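J.: Residue numbers for the sequence shown follow the working numbering, beginning at 56 and rising by one. Glycine included, every Cβ here is placed at the ideal spot set by N, Cα and C. Remember, it's a predicted structure, so these values are computed and weren't measured experimentally. Below is one structure. I have some questions about it.
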Amino acid sequence: MAFEDLRGWIDDLEERRDLRRIGAQVEWDEELGAITREVSSQSGPALLFENIKDHKNTVCRRLFTNGTGTRERVCRFIGVPETTSYRDMVPIFKERFSRPVKPLIVGKGPVKENIVRGAAVDLNQFPVPKWNPLDGGRYIMTSATVVTRDPDSGILNAGTYRGMITGKNTIGVLLAMTQGWGKHFSKYKSRGQEMPVAVVIGWDQTLFLAASTPVNHPEYEMAGSLRSAPVELVKCELSDLLVPASAEIVLEGSISSDPETFTLEGPFSEYPGYYGGSKSPKHTIRVECITHRTDPIFHGCLTGASPGRTNE
């Protein structure tokens, strides 16, 4: 069963009583992360926070998390019985990944309902949490999909990489040259060019899964194979990058190799359960345009496991 977008998935969760709407006011600074950690560790429901401190009147007021927090949920969004075991899921994933589904390019989509450019760009309009006590700041890229294009082959890469808000329009990132976008960046750097980047926040969970997994095909094709339907893509405003047409939010910008553009990022509660890296100058995404749906839903996830404490 292919869900059209994040909202379709939220509706399905609510219909099955596997979603909890949080109407009480919650502090974005650690409290939201602590609640998510406790619920996730008990294999609890997906969460939609609707009353986040300092975000009652911002462009984005809601945050969705824990959407992939149980095996049963993963089974539902890839369209197999909820009773399917982890062992039985392995051949299903292998079979799906052997049949990539090419995306479709469309002319428009809900993500273009609102377009913000230049000086109007303000990342503080989004309810980004400080997830864990020792995080260096508010991490906007935890379940996001970062899209870049190989300047030689033209092939798109879509990966999940950490990124922390470091200014009104800047995101400090850990840009590892061994990862997909790092290999692209090396080519742009050798040409003396900045690398165009698009950050997708909030879409079908199959893309989150594919972007977080080392796969051999472009991730949009893998997400299509998991959902058994093509991903509909629309062209970005500032570059030839392609993003899901029904995404909640897309941040468009570029990354420079000039150290003068770096901003301080880290540490971050990485997925193995340890804080990764001290605060230091890092490559930075300069956000120049934001497109988003009307009344967008921010999507983030808690990272870092520990004994008795799990996460997506």
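#1: Assign F181 to one of three DSSP states: helix, strand, or coil.
#2: Based on DSSP bridge pairs, tell me the residues matched to V135.
#3: Which first and last residues belong to the beta strand (DSSP E) in which H402 is found?
#4: DSSP state of R76, grouped into three classes?
#5: From E303, C356, P155 and C130, pick the residue whose C-alpha is nearest to that of D143; which is it?
#6: Classify V156 as helix, strand or coil using the three-state DSSP reduction.
#7: With a 10 Å radius around its C-beta and 16 neighbouring C-beta atoms as the bar for buried, classify P269 as buried or exposed.
#8: For the beta strand (DSSP E) that contains G89, what are its first and last residues?
#9: With DSSP collapsed to three states, give me the class of M277.
#10: Below 8 Å, how does it come out for the stretch 227-240 and the stretch 342-350: are there three or more Cβ pairs, yes or no?
#11: Please list, in chain order, all residues of the same chain as L166 whose beta carbon is under 8 Å from its beta carbon, the five residues on each side excluded.
#12: For the 8 Å Cβ check, are there 3 or more pairs between the stretch 150-158 and the stretch 274-281?
#13: If you drop the 5 nearest sequence neighbours on each side, which residues of the same chain put their C-beta closer than 6 Å to that of R193?
#14: For F263, collect the residues of the same chain with a Cβ closer than 6 Å to its Cβ; drop the 5 residues on either side in sequence, then sort them by chain order.
#15: Is the beta carbon of K337 closer than 8 Å to that of G191?
#16: Please classify L229: is it buried, with 16 or more other beta-carbons within 10 angstroms of its beta-carbon, or exposed?
#17: Hey, E292 and E274 are a contact pair by Cβ (cut 8 Å); roughly how many whole angstroms apart?
#18: Helix, strand or coil: how does DSSP classify T225 here?
#19: Going by DSSP, name the residue or residues bridged to E320.
#20: For P299, which residues does DSSP report across the bridge?
#21: State the Cα-Cα distance for the pair H110 and F132, rounded to the nearest angstrom.
#22: Per DSSP, I65 is paired with what?
#23: Could you tell me which residues DSSP puts in a beta bridge with N169?
T.: Once the coordinates are examined:
#1: coil
#2: Bridge partners of V135: none, in fact.
#3: Outside the shown range of the chain (56 to 367) lies residue 402, about which nothing can therefore be said.
#4: strand
#5: Taking D143 as reference, the option from E303, C356, P155 and C130 with the minimal CA-CA separation is C130.
#6: coil
#7: exposed
#8: According to the sequence displayed, residue 89 carries Ala and not Gly. In the DSSP assignment, A89 falls outside any beta strand (DSSP E) and lies within the alpha helix (DSSP H) extending over E86 to S96.
#9: helix
#10: no
#11: The question names Leu, but residue 166 is Val in the sequence shown. Excluding residues within five positions, the ones whose Cβ falls inside 8 Å are V289, V298, P299, A300, S301, A302, E303, I304, V305, T346, H347 and R348.
#12: yes
#13: V183, K185 and I220
#14: S198
#15: no
#16: With 16 or more neighbouring CB atoms inside 10 Å of its own CB, L229 falls in the buried class.
#17: Contact doesn't hold; Cβ gap of about 21 Å is too wide.
#18: strand
#19: Under DSSP, the beta-bridge partners assigned to E320 are S335.
#20: L288
#21: 30 Å
#22: Paired residue(s): none; I65 is not in a bridge.
#23: Residue pairing by DSSP places N169 opposite H347 in a beta bridge.
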